[in-house]
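K.L.:
Respectively, the protein sequence lines represent chains A and B.
Counting in the UniProt record's numbering, the first sequence runs from 1 upward without gaps.
Counting in the UniProt record's numbering, the second sequence runs from 1 upward without gaps.
Questions regarding the structure given below will be posed in turn.
2 protein chains.
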Amino acid sequence: MPVAKLYHVPLSPFCRKVRLSLAEKKIDCELIEERYWEMGADFLRRNPAAKVPVLKLDDLVLSESAAICEYLEEAFPEPSLMPRSAEARYEVRRLVGWFDDKFHNEVTSKLLYERVNKKIIGKGFPDSGNVKSGARAIKYHLDYMAWLLEHRRWLAGDVMTLADFAAAAHLSSLDYISDVDWNRSDVVKDWYAKIKSRPAFRSILADQIPGFRPPAHYADLDF
Amino acid sequence: MPVAKLYHVPLSPFCRKVRLSLAEKKIDCELIEERYWEMGADFLRRNPAAKVPVLKLDDLVLSESAAICEYLEEAFPEPSLMPRSAEARYEVRRLVGWFDDKFHNEVTSKLLYERVNKKIIGKGFPDSGNVKSGARAIKYHLDYMAWLLEHRRWLAGDVMTLADFAAAAHLSSLDYISDVDWNRSDVVKDWYAKIKSRPAFRSILADQIPGFRPPAHYADLDF
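Given below as structure tokens:
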């Protein structure tokens, strides 16, 4: 196994997706919090795109969470987070794109970034228009997930994949600030309980962000 | 070969990337312009994310350009647009992410969407602050490409890959509205001349958008 260091931000869903992949593949990883908004020289040298996560695996320095997860899948194929057939793999990637692009733009950036990132970076108060828009949009997304999960055991099909980790990464960060209504759908709640109880999820449930206390149910496996 | 239909917008870099992949793999494809901003019921049925491109391959309906291109690569592996090793494949995906996320947010959305999409959709005049910010950012991106191309024949390494198509898709759309300064870097200009002269590029150079006339050099292979 390589020596792994992840430069991350605890509530970033992109970092959490990579943490879940690493943990599921049993790659031990040192977590280093990155004050990315300060744009330090070391940080920019590691990733000129100036984004987290950045993963160091021995001498390799990797950025872009989607590219990192595909790399981990190819370099450490067991246990697999991708199905075999081209069609099933397409569906996983479509859903990873759904959460990391559409859900991120419509929900995560409107709730998490307004309520948490702005405060941490010192950019003032949440914009209430954005918060309202995010709170409205998450309902449609939860309904879309419910529709998928009424037909499938996991989001992209009958096995757990990267698509579930992408979705759980966003939802767990939003759950930390009490922005997920788990009563909206039983199948979504059951799916989250299932993924939350995996050993790979432990480090995420132990996160503590100074100034933000998670709700009691956040780390509760029987929420 | 499958019966292929691409629902697209001519200047969308995400659509152009898929068009280039299809053409390079010699998959004939009917192009159907999608008035995506009208959110028609048929369009939403094809893709609930309400984005272009949407590719129909026989009975399969595919969305999310990154997932589509990976699918095409797996289902139609020759000619290949991905290298073999996990590390080289990572670099391709990192750069596809660079252009489709960072370049898109910093440049394409600030120039193309302000100057063209707003007018087509009827949302008024370009925001001059955005246009200035995009015009400033494209310089840094061209310099980053130059830095890569001083060390490599193609953007991700010694062979042409999806990363080159992602970059060329953005730059060709911006070139249509004269927003690329080709005099900034000889290596970038040479790279673009090389990729532009491929047969796969022809349909893109033939695009005509009513109300927007491309500069003379747009379709000129010896620009």
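Even for Gly, the Cβ is constructed at its ideal location relative to N, Cα and C.
As the structure is a prediction and not an experimental result, all values here were calculated from the model.
1. Tyr36 (chain A) touches chain B at which residues, Cβ-Cβ below 7 Å?
2. With a cut-off of 8 Å on the beta carbons, I'd call Pro53 (chain A) and Ser173 (chain A) a contact; round off their distance for me.
3. Within 10 Å of its beta-carbon, does Leu44 (chain B) have 16 or more other beta-carbons around it, so buried, or fewer, so exposed?
4. Measuring only between beta-carbons, confirm whether residue 279 (chain A) sits less than 9 Å from chain B.
5. Can you tell me which residues form a DSSP beta bridge with Val3 (chain A)?
6. Whose C-beta lies closer than 7 Å to the C-beta of Val92 (chain B) among residues of the same chain, with five residues either side of it excluded?
7. Could you work out which residues of chain A lie near Ala146 (chain B), taking near to mean beta carbons separated by less than 8 Å?
8. May I have the straight-line CA-CA distance separating Val9 (chain A) from Met39 (chain A), to the nearest angstrom?
9. Is any beta-carbon of chain A found at less than 9 Å from that of Glu150 (chain B)?
10. Identify each residue in the segment 36 to 65 of chain B for which the Cβ-Cβ distance to at least one residue of chain A is less than 9 Å, and report them in chain order.
11. Chain B partners of Tyr90 (chain A), CB-CB under 9 Å?
12. Give the DSSP-derived three-state secondary structure of Ile119 (chain A) in the structure shown.
13. Using C-beta distances below 7 Å, list every residue in its chain close to Ser63 (chain A), excluding the 5 sequence neighbours before and after it, in chain order.
14. Does Ser63 (chain B) come out as helix, strand or coil in the three-state DSSP assignment?
15. Can you list, in chain order, the residues of its chain whose CB lies under 8 Å from that of Val188 (chain B), leaving out five sequence neighbours each side?
16. Quick one: using the 10 Å Cβ neighbour count with 16 as the cut-off for buried, is Ile32 (chain A) buried or exposed?
17. Look up His141 (chain B) in the DSSP assignment and say whether it is helix, strand or coil.
18. Please say whether Asp179 (chain B) and Ile120 (chain B) have beta carbons closer to each other than 9 Å?
19. Show which residues of chain A have a CB atom less than 8 Å away from the CB atom of Trp154 (chain B).
20. In this structure, does DSSP put Glu150 (chain B) in helix, strand or coil?
21. For Leu22 (chain A) and Lys196 (chain A), I'd like the C-alpha separation in whole angstroms.
22. Taking the runs of the alpha helix (DSSP H) that are 4 residues or longer, which of them lie wholly in the UniProt domain "GST N-terminal" (2 to 80) of chain B?
23. Could you tell me which residues DSSP pairs with Phe125 (chain B) in its beta bridges?
24. Taking the straight line between their C-alpha atoms, what separation do you get for Cys29 (chain A) and Phe223 (chain B)?
25. Quick check on the burial criterion: 16 or more other C-beta atoms within 10 angstroms. Buried or exposed for Phe103 (chain B)?
26. Sorted by chain position, which residues of the same chain lie with C-beta nearer than 6 Å to Cys69 (chain B)'s C-beta, five sequence neighbours on each side aside?
27. List the DSSP bridge partners of Phe223 (chain A).
28. Identify the contact partners of Trp98 (chain A) in chain B, using a Cβ-Cβ distance below 8 Å as the criterion.
29. Within 9 Å of any Cβ in chain A, is that where the Cβ of Ala86 (chain B) sits?
30. Flag this pair as yes or no: are the beta carbons of Asp190 (chain A) and His217 (chain A) separated by less than 9 Å?
31. Please identify the residue among B:Ala219, B:Ala67 and B:Asp186 whose C-alpha is closest to the C-alpha of Phe201 (chain B).
32. If distances are taken between C-alpha atoms only, which option among A:Lys26, A:Val61, A:Tyr7 and A:Val18 comes closest to Tyr36 (chain A)?
33. What is the C-beta distance between Arg16 (chain B) and Ala169 (chain B), in whole angstroms, given that I count them as a contact (C-beta under 8 Å)?
34. Pull the bridge partners of Gly157 (chain B) from the DSSP assignment, please.
35. Starting from His170 (chain A), trace the alpha helix (DSSP H) in both directions and tell me its first and last residue.
36. Residues in its own chain within less than 8 Å of Val131 (chain B) by CB, not counting five upstream and five downstream?
P.N.:
Let me lay it out:
1. Counting from 1 along the first sequence, the entry for residue 36 (chain A) is found at position 36. The premise fails here: Tyr36 (chain A) is roughly 14 Å from chain B at the closest Cβ pair, so nothing lies under 7 Å.
2. On the first sequence, position 53 is the one that residue 53 (chain A) refers to. On the first sequence, position 173 is the one that residue 173 (chain A) refers to. Rounded, the Cβ-Cβ distance is 13 Å, inconsistent with contact.
3. Looking up residue 44 (chain B) in the second sequence gives position 44. Looking at its Cβ environment, which holds fewer than 16 other Cβ atoms inside 10 Å, Leu44 (chain B) is exposed.
4. Since the first and last residues shown for chain A are 1 and 223, residue 279 (chain A) lies out of range.
5. Your numbering for residue 3 (chain A) matches position 3 in the first sequence. Paired residue(s): none; Val3 (chain A) is not in a bridge.
6. Taking the first residue of the second sequence as 1, we reach residue 92 (chain B) at position 92. So the qualifying residues of the chain are Met82, Pro83, Ala156, Thr161, Leu162 and Ala163.
7. Residue numbering aside, residue 146 (chain B) sits at position 146 when the second sequence is read from its first letter. Correct list: empty, because the minimum Cβ distance to chain A is about 13 Å.
8. In the first sequence, residue 9 (chain A) corresponds to position 9, counting from 1. In the first sequence, residue 39 (chain A) corresponds to position 39, counting from 1. About 14 Å.
9. Locating residue 150 (chain B) in the second sequence gives position 150, counting from the first residue. Not one chain A Cβ lies under 9 Å of Glu150 (chain B).
10. Pro48, Ala49, Ala50, Lys51, Leu60, Leu62, Ser63, Glu64 and Ser65
11. Looking up residue 90 (chain A) in the first sequence gives position 90. By Cβ distance, chain B contributes Leu60, Leu62, Glu64, Ala67, Ile68, Glu70, Tyr71, Glu74 and Ala75.
12. The residue given as residue 119 (chain A) occupies position 119 in the first sequence. In the sequence under discussion, the amino acid at residue 119 (chain A) is Lys, which differs from the Ile named in the question. Note: Lys119 (chain A) maps to helix in three-state DSSP.
13. Here the question's residue 63 (chain A) lines up with position 63 in the first sequence. If we look at Ser63 (chain A) and ignore the five residues flanking it on each side, its Cβ neighbours are Asn47, Ala49, Lys51 and Val54.
14. As a working note, residue 63 (chain B) is residue 63 in the second sequence. Three-state result, Ser63 (chain B): strand.
15. On the second sequence, residue 188 (chain B) is found 188 positions in, with the first residue counted as 1. So the qualifying residues of the chain are Leu142, Met145, Ala146, Leu149 and Trp182.
16. In the first sequence, residue 32 (chain A) corresponds to position 32, counting from 1. Ile32 (chain A) should be labelled exposed.
17. If you number the second sequence from 1, residue 141 (chain B) lands on position 141. Of the three classes helix, strand and coil, the one that applies to His141 (chain B) here is helix, per DSSP.
18. Walking along the second sequence from the start, residue 120 (chain B) turns up at place 120. Walking along the second sequence from the start, residue 179 (chain B) turns up at place 179. Going by C-beta atoms, Ile120 (chain B) is not nearer than 9 Å to Asp179 (chain B).
19. The sequence position of residue 154 (chain B) within the second sequence is 154, counting from 1. What Trp154 (chain B) touches in chain A: nothing, since even the nearest Cβ is about 17 Å away.
20. Taking the first residue of the second sequence as 1, we reach residue 150 (chain B) at position 150. In the structure shown, Glu150 (chain B) sits in coil (DSSP, three-state: anything other than H, G, I, E or B).
21. The residue given as residue 22 (chain A) occupies position 22 in the first sequence. The residue given as residue 196 (chain A) occupies position 196 in the first sequence. Going from the Cα of Leu22 (chain A) to the Cα of Lys196 (chain A) covers about 15 Å.
22. 13 to 24, 41 to 46 and 65 to 75
23. Walking along the second sequence from the start, residue 125 (chain B) turns up at place 125. Answer by DSSP bridge pairing: none, since Phe125 (chain B) is not bridged.
24. In the first sequence, counting from the first residue as 1, residue 29 (chain A) sits at position 29. In the second sequence, counting from the first residue as 1, residue 223 (chain B) sits at position 223. Roughly 50 Å separates the two Cα atoms.
25. Reading the second sequence from its first residue, position 103 is the one you call residue 103 (chain B). The residue is buried, with at least 16 neighbouring Cβ atoms inside 10 Å.
26. Within the second sequence, numbered from 1, the residue matching residue 69 (chain B) stands at position 69. Taken in chain order, the residues that qualify are Ser21 and Leu162.
27. The residue given as residue 223 (chain A) occupies position 223 in the first sequence. DSSP, once it has assigned bridges, lists no residue as partnering Phe223 (chain A).
28. As a working note, residue 98 (chain A) is residue 98 in the first sequence. The answer, in chain order, is Ala49 and Glu64.
29. Here residue 86 (chain B) is taken as the residue at index 86 of the second sequence, counted from 1. Yes, Ala86 (chain B) lies at the interface with chain A (some Cβ there is under 9 Å from its Cβ).
30. The sequence position of residue 190 (chain A) within the first sequence is 190, counting from 1. The sequence position of residue 217 (chain A) within the first sequence is 217, counting from 1. No, the pair does not count as a contact, with Cβ atoms beyond the cut-off.
31. In the second sequence, the residue the question calls residue 201 (chain B) occupies position 201. Among B:Ala219, B:Ala67 and B:Asp186, the Cα nearest to that of Phe201 (chain B) belongs to B:Ala219.
32. On the first sequence, residue 36 (chain A) is found 36 positions in, with the first residue counted as 1. Cα-wise, what sits closest to Tyr36 (chain A) is A:Tyr7.
33. Within the second sequence, the letter at position 16 stands for residue 16 (chain B). Within the second sequence, the letter at position 169 stands for residue 169 (chain B). Yes, Arg16 (chain B) and Ala169 (chain B) are in contact; Cβ-Cβ is about 4 Å, under 8 Å.
34. Within the second sequence, residue 157 (chain B) is the residue found at index 157, counting from 1. Per DSSP, B:Trp154.
35. Here residue 170 (chain A) refers to the residue found at position 170 when the first sequence is read from its first residue. Residues Leu162 to Tyr176.
36. Here residue 131 (chain B) refers to the residue found at position 131 of the second sequence. Here the set comprises Lys110, Leu111, Glu114 and Arg115.
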